[in-house]
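Asks:
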Amino acid sequence: QAQSAWDSGAVSSALELLDQGIHDHPRATVLHKLRGDILSTFRDPQEAVQAYDRALAADPMALDVHWAKWGVLVRWGRGDDAIVELRKIARIEANNPLIHWRLALELRKLDRLEESLESYKRAVELMPDLLGWRLALARARFDVLDYVGADADLQYVLQHVVPGSPLELPAK
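For the sequence shown, the tail end lands on 427 under my numbering, and the numbers increase by one without skipping.
1. Please check the pair GLU340 and LYS324, which I expect to be a contact at CB under 8 Å, by giving their CB distance rounded to whole angstroms.
2. Helix, strand or coil for GLN256? Go by DSSP, reduced to three states.
3. With contact counted as at least three CB pairs below 8 Å, one residue from each stretch, are the stretch 349-361 and the stretch 370-378 in contact?
4. State the DSSP-derived secondary structure class of ALA283, mapped to helix, strand or coil.
5. Following the continuous alpha helix (DSSP H) through ASP336, name the residue where it begins and the one where it ends.
6. Could you tell me which of ALA257, PRO425, ARG363 sits nearest to ALA337, measuring between CA atoms?
7. Helix, strand or coil for ARG298, going by three-state DSSP, please let me know.
8. Rounding to the nearest angstrom, what Cα-Cα distance links VAL416 and ALA317 in this structure?
9. ALA269: beta carbon under 8 Å from a heavy atom of the ligand PLP?
10. Between TRP331 and VAL304, what straight-line distance do the alpha-carbon atoms span, to the nearest angstrom?
11. With a 10 Å radius around its C-beta and 16 neighbouring C-beta atoms as the bar for buried, classify PRO421 as buried or exposed.
12. My understanding is that ASP398 touches LEU368, with C-beta atoms under 8 Å, so please give their C-beta distance in whole angstroms.
13. If ASP273 sits next to ARG290, beta carbons under 8 Å apart, how far is it from one beta carbon to the other, in whole angstroms?
14. List the whole-angstrom C-beta distance separating LEU286 from ILE277, where the pair is believed to meet the contact cut-off of C-beta under 8 Å.
15. How about GLY404 and ALA391: are their beta carbons less than 9 Å apart?
Okay, structure coming up:
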C-alpha cells in the first residue's frame with residue numbers, strides 16, 4: 256500500500272503507512288528500505304541514511320539497501336562515508352569487478368591514490384581482458400610513481416588493442 260501511495264504521489268500517506276508497518280514489523284528490511292527511498296527523494300538525506308541503517312541492522316547483507324545508501328551518501332557529498340559503504344559492498348560481493356572499479360573511481364576523486372590503485376588492481380584482476388580498465392590501472396600506477404608497473408600495463412594494452420581502437424591513441 257505504501258508503494259502504491261508513493262507511486263501516486265501521496266508521499267505523506269506513504270510515510271504514514273510505512274511508519275505503521277515498521278511499528279508492527281520493526282525488522283522488516285523492505286519497509287525500512289522503502290522509507291529510505293522515499294526520504295532520499297523528498298526530505299533530508301540524513302533521514303534516508305538512518306532508514307537505510309535500520310534496514311541494514313535487520314539484514315546486513317541486503318545489497319540493494321547498501322547500494323541505495325551509497326547513492327544517497329554520494330548525492331549528499333559524503334565521499335568518505337560513501338567509500339565506507341562501498342567497502343561493505345565489496346566485502347559482501349568480493350568477486351564483483353564493478354564494485355572494485357567503482358571503489359577505485361571514488362577513492363581517486365578524493366585523491367586517495369594508493370588506496371585507489373589497490374581497487375584498480377583488484378578490478379583488473381577480476382576482468383583482465385578489459386583494456387580500458389587496464390589503461391586506467393596504468394594511469395593509477397603512474398600517479399603513485401610506479402613507472403615500471405604503468406609501463407607494463409601500457410605494453411599489455413598496446414599488444415592486445417585492436418588497431419584503430421579508441422584505446423590505441425591514449426595508450427601510446
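Backbone N, C-alpha and C fix where the C-beta goes; we use that ideal spot for every residue, glycine too.
Replies: Let me lay it out:
1. For the purposes of this step, residue 340 is identified with residue 85 of the sequence shown, where counting begins at 1. For the purposes of this step, residue 324 is identified with residue 69 of the sequence shown, where counting begins at 1. Their Cβ separation, rounded to whole angstroms, is 6 Å, which keeps GLU340 and LYS324 in contact under 8 Å.
2. Residue numbering aside, residue 256 sits at position 1 when the sequence shown is read from its first letter. GLN256 falls in the coil class under three-state DSSP.
3. yes
4. Residue mapping note: residue 283 aligns to position 28 of the sequence shown, counting from 1. In the structure shown, ALA283 sits in coil (DSSP, three-state: anything other than H, G, I, E or B).
5. Locating residue 336 in the sequence shown gives position 81, where the first residue counts as 1. Residues 334-347.
6. To locate residue 337, count along the sequence shown from 1; it is residue 82. Here the closest residue by C-alpha is ARG363.
7. By 1-based counting over the sequence shown, the position of residue 298 is 43. Reduced to three states, the DSSP call for ARG298 is coil.
8. Reading the sequence shown from its first residue, position 161 is the one you call residue 416. Reading the sequence shown from its first residue, position 62 is the one you call residue 317. One C-alpha to the other measures close to 39 Å.
9. No copy of the ligand PLP appears in this structure; indeed no ligand is present at all.
10. Here residue 331 is taken as the residue at index 76 of the sequence shown, counted from 1. Here residue 304 is taken as the residue at index 49 of the sequence shown, counted from 1. About 10 Å.
11. Sequence index remark: in the sequence shown, residue 421 carries index 166 (1-based). With fewer than 16 other Cβ atoms within 10 Å, it is exposed.
12. One-based indexing of the sequence shown puts residue 398 at position 143. One-based indexing of the sequence shown puts residue 368 at position 113. About 5 Å; that satisfies the 8 Å criterion.
13. As a position in the sequence shown, residue 273 is number 18, starting the count at 1. As a position in the sequence shown, residue 290 is number 35, starting the count at 1. A small correction: the amino acid at residue 273 is Leu; Asp does not occupy that position in the sequence shown. Sure, about 5 Å apart at Cβ, within 8 Å.
14. Working through the sequence shown from its first residue, we reach residue 286 at position 31. Working through the sequence shown from its first residue, we reach residue 277 at position 22. Indeed, because the Cβ distance is near 5 Å, the residues count as touching under 8 Å.
15. Here the question's residue 404 lines up with position 149 in the sequence shown. Here the question's residue 391 lines up with position 136 in the sequence shown. Going by C-beta atoms, GLY404 is not nearer than 9 Å to ALA391.
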